[in-house]
Amino acid sequence: MNARFAELTEGSPYAGYTYSYPHKTAYRRLPAPVPLARAWAGEDTGRLFLYAHVPFCEMRCGFCNLFTTARPEADVTAAWLDAVTRQASRTRADLEEAGGRPPAFARVAVGGGTPTWLTAAQLTRLFDLLEQGMGADLRAVPVSVEVSPGTLDAEKLAILRERGADRVSIGIQSFFDEDVRAMGRPQRRAEVERALGALRDAGFPTLNLDFIYGGATQTVARWVETLETALAWSPEEIYLYPLYVRPLTGLGRRGRGVAEDWDAHRLALYRAGRDLLRARGYQQVSMRMFRSPRSDGDAPVYRCQDDGMVGLGCGARSYTRGLHYSSEYAVSARGVREILTDYLGRTEDDFAAAVYGFALDAHEQRRRFALLSLLSEEGLSLADWAARFDEPPAEALPQLDALPALRLARWADGALRLTDAGVERSDAIGPWLYSPAVRARMDGYDLT
Ligand SMILES: C[S@@+](CC[C@H](N)C(=O)[O-])C[C@H]1O[C@@H](n2cnc3c(N)ncnc32)[C@H](O)[C@@H]1O
Ligand code: SF4
């Protein structure tokens, strides 16, 4: 068998999580700053995704490599809001210049980190900024907010609800304190239950719960019990994340601390979780995402394969068709602090150009479309492809033909969709489809 095929079927099913393409470790300082008005010229600025990244948390969890800092001083969060205000003002003006009219947002997400680390007054200011500063109509479009169990109170939840948040996502990871602690997150089940009760009382239409599988202490029986406990709350969505131990995280520094046969352990937990959720009527949307039969789903107003993303806040990424850009990325406390300090000192003019990111040529744009479509429930539709690109997908990406041959995907109704075997290997298929240029950059990334 071809060596690259073997990587797909015999290598680890857990090569890497593709939540976007290219990966942020493929970003570099751009050869020259790109003015935002130029980056956004020719883009559809009428249905953008607005994302605000809040890089603060109550703790730094041992498994987490997201861009965040634990327990910042009050003056840091205050200065951060001032900086986001400058960034929003400049970004909106540049988007308006590029589009010839004010930008419009089809979807809003506030993530992190942990947005609810902010005080009630700061959350209000952040929503004012999204609404008045950026012009997002928060009551008319889907608005999603990430929260953690230890940062919720009734006042903050009332603000989220009043300001139009219709989806709240909370990280739980496990209902067994011992399992979460072993993953480097001291958490008490009583606090999680209190948070879930408060979220349900607040009446958000969509509640999403995040769980992680693959910690050393997790058994299949306890994993199933965790998910049974979750199901008792009837969440509209559930995300099941395989554990990754990444460099410079608490778990990474400590040595892996995972089961001997880690891949087989994760696969067994994945299958047990998938089978249980399906048996309870949940629809599997992707390897990680499951949607309840009661959920009305997500109207596809915004499609991540196609539409632009405007990121605000240090750590947020922004996507146009030809350029992905962000602030720099780090995991270590020192690296994050340095990047944050630089962000806090920026003037409005400093936000007028992208300086760090990845320019996507025509080939990378095709890869991105194929990859993100294939890893989602819709699959890679020939009609959608033909509406964007001239040559057939297999010509742009001959690798795709391997997937049906290996029974990891199947053509049906004009679309290539992953089979169950393919879905559980999503984290192998994604990286396998990365271009050699992106792989080389990711391999050469110097993480701080
Ligand atoms: C932004 S956090 C969720 C909100 C909130 N900060 C919290 O932790 O409660 C996103 C989710 O990604 C998942 N995650 C983060 N790092 C991970 C890793 N190394 N392996 C697996 N899942 C991970 C966790 O389930 C986490 O809840
Ligand atoms: S998992 Fe959530 S709370 Fe923990 S460090 Fe990451 S973003 Fe913060």
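Remember, the working numbering sits 1447 above the position in the sequence shown when you count from 1.
From the three backbone atoms N, C-alpha and C, an ideal C-beta is built for every residue, glycine too.
### 8 Å Cβ cutoff met for V1592 and V1627
As a first step, residue 1592 is located in the sequence shown; it is residue number 145 there, counting from the start. As a first step, residue 1627 is located in the sequence shown; it is residue number 180 there, counting from the start. Cβ atoms of V1592 and V1627: not closer than 8 Å.
### Task
With DSSP collapsed to three states, give me the class of S1591.
Indexing the sequence shown from 1 puts residue 1591 at position 144. Three-state DSSP puts S1591 in a strand.
### Message
Our contact map puts T1696 next to C1511 with C-beta atoms below 8 Å; I'd like the distance itself, whole angstroms only.
### Response
Position 249 of the sequence shown holds residue 1696. Position 64 of the sequence shown holds residue 1511. Rounded, the Cβ-Cβ distance is 6 Å, consistent with contact.
#### Entry: Cutoff 7 Å; reference E1795; Cβ partners in own chain excluding five residues on either side
Translated into positions along the sequence shown, residue 1795 becomes position 348. Correct list, in chain order: R1533, S1536 and R1537.
#### Entry: Any non-hydrogen atom of ligand 1 within 7 Å of D1657 CB
Locating residue 1657 in the sequence shown gives position 210, counting from the first residue. Under cutoff, so the answer is yes.
### Query
With a cut-off of 8 Å, do at least 3 Cβ pairs link the region 1801-1815 to the region 1722-1735?
no
### Extent of the continuous beta strand (DSSP E) to which L1528 belongs
Residue numbering aside, residue 1528 sits at position 81 when the sequence shown is read from its first letter. Element bounds for L1528: not the beta strand (DSSP E) but the alpha helix (DSSP H), A1521 to G1546.
### Query
CB of E1684 to nearest heavy atom of ligand 1: below 7 Å?
Along the sequence shown, read from residue 1 onward, the residue named residue 1684 stands at position 237. Outside the cutoff, so no.
#### Entry: First and last residue of the uninterrupted alpha helix (DSSP H) at D1657
Position 210 of the sequence shown, counted from the start, is the residue given in the question as residue 1657. No alpha helix (DSSP H) holds D1657; the beta strand (DSSP E) holding it covers T1653 to Y1660.
### Query
Going by other Cβ atoms of all chains shown within 10 Å of its Cβ, with 16 needed for buried, is D1893 buried or exposed?
For the purposes of this step, residue 1893 is taken as the residue at position 446 of the sequence shown. So D1893 counts as exposed.
#### Entry: D1722 to Y1686 span [Cα, whole Å]
Residue mapping note: residue 1722 aligns to position 275 of the sequence shown, counting from 1. Residue mapping note: residue 1686 aligns to position 239 of the sequence shown, counting from 1. Going by the C-alpha atoms only, they are around 14 Å apart.
### Task
Determine contact between the region 1541-1549 and the region 1478-1493, defined as no fewer than three beta-carbon pairs at a distance below 8 Å.
yes
### Message
Below 7 Å, is the gap between the Cβ of I1617 and the nearest heavy atom of ligand 1?
### Response
Taking the first residue of the sequence shown as 1, we reach residue 1617 at position 170. Yes, since a heavy atom of ligand 1 falls inside the 7 Å radius drawn around the Cβ of I1617.
### Query
Is the beta carbon of E1505 sitting closer than 8 Å to the one on T1561?
Residue mapping note: residue 1505 aligns to position 58 of the sequence shown, counting from 1. Residue mapping note: residue 1561 aligns to position 114 of the sequence shown, counting from 1. For E1505 and T1561, yes; Cβs fall inside 8 Å.
### Where V1778 falls: helix, strand or coil (DSSP)
Translated into positions along the sequence shown, residue 1778 becomes position 331. In the structure shown, V1778 sits in coil (DSSP, three-state: anything other than H, G, I, E or B).
### Endpoints, alpha helix (DSSP H) assigned at V1885
By 1-based counting over the sequence shown, the position of residue 1885 is 438. P1883 to D1890 is the span of the alpha helix (DSSP H), which, as asked, contains V1885.
### Cα-Cα separation, V1594 to E1838
For this step, residue 1594 is matched to residue 147 along the sequence shown. For this step, residue 1838 is matched to residue 391 along the sequence shown. If you take the alpha carbons of V1594 and E1838, they lie about 43 Å apart.
### Closer than 6 Å: residues whose CB approaches a heavy atom of ligand 2
C1504, R1507, C1508, C1511, L1513, T1515, G1559, G1560, T1561, S1595 and G1618
### Task
List the residues that DSSP assigns as beta-bridge partners of P1694.
Locating residue 1694 in the sequence shown gives position 247, where the first residue counts as 1. DSSP, once it has assigned bridges, lists no residue as partnering P1694.
### Message
For the structure I just gave you, are there three or more beta carbon pairs, one from the region 1473-1488 and one from the region 1605-1612, closer than 8 Å?
### Response
no
### Classification of G1877 by the beta-carbon crowding that lies within 10 angstroms, buried from 16 upward
Mapped onto the sequence shown, residue 1877 falls at position 430. Burial call: buried.
### Query
So does Y1691 have its beta carbon nearer than 7 Å to some heavy atom of ligand 1?
As a position in the sequence shown, residue 1691 is number 244, starting the count at 1. The answer is yes for Y1691.
### Task
Go to Q1569, then tell me how far its alpha helix (DSSP H) extends in each direction, as first and last residue.
As a first step, residue 1569 must be located in the sequence shown, where it is residue number 122. Q1569 -> alpha helix (DSSP H) spans A1567 to D1575.
#### Entry: Nearest-angstrom Cβ-Cβ length linking P1689 and D1831, presumed shorter than 8 Å
Counting from one through the sequence shown, the residue named residue 1689 turns up at place 242. Counting from one through the sequence shown, the residue named residue 1831 turns up at place 384. Actually they do not touch by this definition, with Cβ atoms about 28 Å apart.
### Task
To the nearest angstrom, report how far apart F1737 and G1662 are at their CA atoms.
Numbered from its first residue, the sequence shown carries residue 1737 at position 290. Numbered from its first residue, the sequence shown carries residue 1662 at position 215. Approximately 21 Å, taken between the alpha carbons.
### Query
Which residue's Cα is closest to the Cα of R1507: G1699, Y1772, V1885 and V1757?
Sequence index remark: in the sequence shown, residue 1507 carries index 60 (1-based). Selected option, being the one with the closest Cα: G1699.
### Query
To which residues of the same chain is A1843 closer than 6 Å at the C-beta, ignoring the five residues directly before and after it?
Counting from one through the sequence shown, the residue named residue 1843 turns up at place 396. So the qualifying residues of the chain are R1813.
#### Entry: Beta-carbon gap between A1920 and V1667 smaller than 8 Å
The shown model of the chain, from 1448 to 1895, leaves out residue 1920, and the question about it has no answer.
### Query
Pick from G1631, R1815 and R1476: whose alpha carbon is nearest that of R1835?
By one-based count along the sequence shown, residue 1835 stands at place 388. Here the closest residue by C-alpha is R1815.
### Message
I'd like the span of the alpha helix (DSSP H) that includes P1840, first residue to last.
### Response
Against the sequence shown, residue 1840 aligns to sequence position 393. Where P1840 is concerned, the enclosing alpha helix (DSSP H) stretches over P1840 to A1843.
### Query
Terminal residues of the continuous beta strand (DSSP E) containing Y1766?
In the sequence shown, residue 1766 corresponds to position 319, counting from 1. Unbroken beta strand (DSSP E) run through Y1766: R1764 to Y1766.
#### Entry: Helix, strand or coil at F1798 according to DSSP, with G and I counted as helix
Residue mapping note: residue 1798 aligns to position 351 of the sequence shown, counting from 1. Correct three-state label for F1798: helix.
### Contacting residues, own chain, Cβ-Cβ under 7 Å from A1645 (five flanking each side not counted)
Here residue 1645 is taken as the residue at index 198 of the sequence shown, counted from 1. L1599, A1601 and L1604.
### Message
Spatial neighbours of A1583 within its chain, please: C-beta separation below 7 Å, excluding the five flanking residues on both sides.
### Response
What you label residue 1583 is simply residue 136 of the sequence shown in a count that begins at 1. Excluding positions up to five away in sequence, the list reads L1497, F1552, V1555 and L1577.
### Task
Could you check the C-alpha separation between V1557 and A1568 for me, to the nearest Å?
Here the question's residue 1557 lines up with position 110 in the sequence shown. Here the question's residue 1568 lines up with position 121 in the sequence shown. Going by the C-alpha atoms only, they are around 16 Å apart.
### Message
Helix, strand or coil for V1705? Go by DSSP, reduced to three states.
### Response
Along the sequence shown, one-based indexing puts residue 1705 at 258. In this structure, V1705 counts as coil in the three-state DSSP scheme.
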